[in-house]
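There are 2 protein chains.
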Amino acid sequence: MQKYLIFVLALATVACSANEVKPEQKIYPIAKQVVTEANPANFTGKVYTRGVWSAKAPMQANGAFVIFTPGSRTYWHEHPTGQSFIVTEGEGYVQEEGKPKVVLHAGDGVVCPPGVKHWHGGSKDKMMIQFAISEKVPGKQTAIWHEPVSDEQYNSH
Amino acid sequence: MQKYLIFVLALATVACSANEVKPEQKIYPIAKQVVTEANPANFTGKVYTRGVWSAKAPMQANGAFVIFTPGSRTYWHEHPTGQSFIVTEGEGYVQEEGKPKVVLHAGDGVVCPPGVKHWHGGSKDKMMIQFAISEKVPGKQTAIWHEPVSDEQYNSH
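Protein chains in written order, with the working numbering: chain A, 1 to 157; chain B, 158 to 314.
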């Protein structure tokens with residue numbers, strides 16, 4: 001009986017090792033990336049997202065394109081573990097609460113640390129495409145959403 | 158004397174709070190980003206980098222462009238906390254050790270988990286620009302470098 005138990009335990013150990021997933025590189029071809037409209041509950045105007053990858057611990061960086069049509073923007077929001085983005089095309093705006101709006105162009109980078117309230121969007125007459133890196137840790141959302149950005153705030157200098 | 162001490166302590170507390178840096182959003186305009194040649198000790202051929210931002214805990218994502226001229230590539234290497242990248246322009250290759258080389262085009266994403274040995278580079282006759290997110294945690298390097306990628310490996314199918 002004891003021998004049988006040892007045999008079963010050994011077998012179980014082998015089965016568990018086989019189930020352990022060896023980490024491997026993953027490719028996310030553009031052909032398989034899906035463009036969806038961003039949730040209108042958190043955005044003003046037409047905004048689209050194209051998710052590329054989701055992070056798996058210990059990595060934190062989720063990668064996604066955000067396509068802002070002219071005049072469109074996020075609501076005011078904050079990122080519990082921070083977000084950074086690089087503008088890959090066009091022209092847009094970003095504003096931290098209590099500071100002036102900043103105009104962005106292709107190639108500009110932005111880092112928004114945890115808990116800093118801000119918004120971003122396309123410019124009045126141009127689109128902005130950004131590649132956004134939203135950092136994700138277990139048990140925390142990547143964004144907390146607040147009120148819309150008013151036209152007055154959007155058009156401010 | 159006691160009143161004086163309380164006053165000094167109160168003053169010190171105010172001074173310390175003033176020194177506490179409130180997190181704020183940072184902009185990295187393209188005009189201030191510097192292009193440098195990648196360290197020839199870890200790359201074959203001409204490769205350039207354009208750093209955009211460095212992460213500050215709890216954020217982990219460093220952001221930088223890597224510009225591979227045709228035929229150029231990294232040495233074999235691994236990332237202790239992983240690296241992901243999006244191809245922003247051109248055509249290139251990526252290969253995980255023990256697997257076939259994969260051809261990449263603009264818009265394709267790649268996630269390389271911690272400890273997976275791989276290389277990436279431009280294609281034989283085209284450049285590849287990638288925006289790379291190297292995840293950084295305190296006390297760990299972002300990359301561990303190994304041997305060069307041979308011409309046979311580079312030209313493999």
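Just so you know, even glycine gets a beta-carbon here, dropped at the ideal spot from N, CA and C.
The structure displayed is predicted, hence computed values, not measured ones.
Checklist entry - Out of curiosity, what's the CA-to-CA distance linking Gln287 of chain B and Glu246 of chain B? => result One-based indexing of the second sequence puts residue 287 of chain B at position 130. One-based indexing of the second sequence puts residue 246 of chain B at position 89. Taking the straight line joining both Cα atoms gives about 7 Å.
Item to check | Spatially closest choice to Asp108 of chain A from B:Thr193, B:Ala212, B:Phe200, B:Gly220, by CA coordinates | outcome: Reading the first sequence from its first residue, position 108 is the one you call residue 108 of chain A. Comparing Cα positions, the closest option is B:Gly220.
Item to check | chain A residues whose Cβ lies nearer than 7 Å to that of Glu304 of chain B | outcome: Sequence index remark: in the second sequence, residue 304 of chain B carries index 147 (1-based). Simply none; closest approach about 18 Å.
Next on the checklist: Quick check on Glu152 of chain A: does DSSP put it in helix, strand or coil?
Outcome noted: For this step, residue 152 of chain A is matched to residue 152 along the first sequence. In this structure, Glu152 of chain A counts as helix in the three-state DSSP scheme.
Item to check | Check whether Gly71 of chain A and Gly51 of chain A have beta carbons under 8 Å apart | outcome: Residue 71 of chain A sits at position 71 when you count from the first residue of the first sequence. Residue 51 of chain A sits at position 51 when you count from the first residue of the first sequence. Going by C-beta atoms, Gly71 of chain A is not nearer than 8 Å to Gly51 of chain A.
Next on the checklist: For chain A, check one thing: does any of its Cβ atoms lie closer than 8 Å to the Cβ of Met284 of chain B?
Outcome noted: As a first step, residue 284 of chain B is located in the second sequence; it is residue number 127 there, counting from the start. Output row for Met284 of chain B: interface = no.
Checklist entry - Taking the continuous beta strand (DSSP E) assigned at Trp233 of chain B, which residues delimit it? => result One-based indexing of the second sequence puts residue 233 of chain B at position 76. Per DSSP, Trp233 of chain B belongs to no beta strand (DSSP E) and is neither H nor E.
Next on the checklist: Strictly below 8 Å CB to CB, what residues from chain A border Tyr185 of chain B?
Outcome noted: Taking the second sequence and counting its residues from 1, the one referred to as residue 185 of chain B is at position 28. Asp108, Gly109, Val110, Val111, listed in chain order.
Checklist entry - Roughly how many angstroms separate the alpha carbons of Ser134 of chain A and Thr81 of chain A, rounded to a whole number? => result What you label residue 134 of chain A is simply residue 134 of the first sequence in a count that begins at 1. What you label residue 81 of chain A is simply residue 81 of the first sequence in a count that begins at 1. Put simply, the backbone Cα of Ser134 of chain A is about 8 Å away from that of Thr81 of chain A.
Item to check | Three-state secondary structure assigned by DSSP to Ala31 of chain A | outcome: Locating residue 31 of chain A in the first sequence gives position 31, where the first residue counts as 1. In this structure, Ala31 of chain A counts as helix in the three-state DSSP scheme.
Checklist entry - Which residue comes first and which comes last in the beta strand (DSSP E) that contains Asn219 of chain B? => result The count along the second sequence starts at 1 and reaches residue 219 of chain B at position 62. Start and end: 218-225.
Item to check | Partners in chain A for Phe288 of chain B, counting only beta-carbon separations shorter than 7 Å | outcome: The residue labelled residue 288 of chain B in the question sits at position 131 within the second sequence. Those are Ile86, Phe131, listed as they occur along chain A.
Next on the checklist: Short of 7 Å in beta carbon distance, which residues of its chain neighbour Ala61 of chain A, apart from the five on each side in sequence? Order them along the chain.
Outcome noted: To locate residue 61 of chain A, count along the first sequence from 1; it is residue 61. The residues are Ala55, Ile133, Glu135.
Checklist entry - Relative to the ligand NAD, is the shortest distance from any of its heavy atoms to the C-beta of Val192 of chain B smaller than 7 Å? => result By its list of ligands, the structure shown contains no ligand whatsoever, and the ligand NAD lies outside what it can speak to.
Checklist entry - What residues match up with Thr206 of chain B in a beta bridge as DSSP calls it? => result As a first step, residue 206 of chain B must be located in the second sequence, where it is residue number 49. Beta-bridge pairing links Thr206 of chain B to B:Thr193, B:Val223.
Next on the checklist: Could you compute how far the alpha carbon of Met216 of chain B sits from the alpha carbon of Glu37 of chain A?
Outcome noted: The sequence position of residue 216 of chain B within the second sequence is 59, counting from 1. The sequence position of residue 37 of chain A within the first sequence is 37, counting from 1. Distance between the alpha carbons of Met216 of chain B and Glu37 of chain A is about 27 Å.
Checklist entry - What's the C-alpha gap between Val178 of chain B and Lys256 of chain B? => result Taking the first residue of the second sequence as 1, we reach residue 178 of chain B at position 21. Taking the first residue of the second sequence as 1, we reach residue 256 of chain B at position 99. Cα to Cα, the separation comes out at about 47 Å.
Checklist entry - Taking C-beta to C-beta, are Gly272 of chain B and Pro23 of chain A nearer than 8 Å? => result Taking the first residue of the second sequence as position 1, residue 272 of chain B is located at position 115. Taking the first residue of the first sequence as position 1, residue 23 of chain A is located at position 23. Yes.
Checklist entry - Hey, does Pro114 of chain A have any beta-carbon neighbour from chain B nearer than 8 Å? => result The residue given as residue 114 of chain A occupies position 114 in the first sequence. Answer yes: the Cβ-Cβ gap between Pro114 of chain A and chain B drops below 8 Å somewhere.
Checklist entry - Using DSSP with H/G/I as helix, E/B as strand and the rest coil, what is Cys173 of chain B? => result For the purposes of this step, residue 173 of chain B is identified with residue 16 of the second sequence, where counting begins at 1. Caution is warranted here: a pLDDT of 49 is assigned to Cys173 of chain B, below 50, making its placement in the model unreliable, and the coordinate value is therefore given only provisionally. Three-state DSSP puts Cys173 of chain B in a helix.
Next on the checklist: To the nearest angstrom, how far is the alpha carbon of Cys269 of chain B from that of Glu147 of chain A?
Outcome noted: Within the second sequence, the letter at position 112 stands for residue 269 of chain B. Within the first sequence, the letter at position 147 stands for residue 147 of chain A. Near 37 Å, if we compare the C-alpha coordinates of Glu147 of chain A and Cys269 of chain B.
Checklist entry - Under three-state DSSP, which class holds Val268 of chain B? => result To locate residue 268 of chain B, count along the second sequence from 1; it is residue 111. Note: Val268 of chain B maps to strand in three-state DSSP.
Item to check | Sequence-distant residues of the same chain with beta carbon closer than 8 Å to Lys140 of chain A, five excluded per side | outcome: Counting from 1 along the first sequence, the entry for residue 140 of chain A is found at position 140. These residues qualify, in order along the chain: Pro80, Thr81.
Item to check | Candidates A:Ser156, A:His157, A:Trp145: closest to Glu39 of chain A by CA position | outcome: Numbered from its first residue, the first sequence carries residue 39 of chain A at position 39. Residue 39 of chain A is actually Asn in this sequence, not Glu. Comparing Cα-Cα distances from Asn39 of chain A to each of A:Ser156, A:His157, A:Trp145, the minimum goes to A:Trp145.
Checklist entry - In chain B, which residues lie with their C-beta within 8 Å of the C-beta of Pro58 of chain A? => result One-based indexing of the first sequence puts residue 58 of chain A at position 58. Correct list: Thr238, Gly239, Pro271, Glu292, Val294.
Item to check | Limits of the beta strand (DSSP E) - the one that Ser84 of chain A falls within | outcome: Working through the first sequence from its first residue, we reach residue 84 of chain A at position 84. Per DSSP, Ser84 of chain A belongs to the beta strand (DSSP E) from 83-96.
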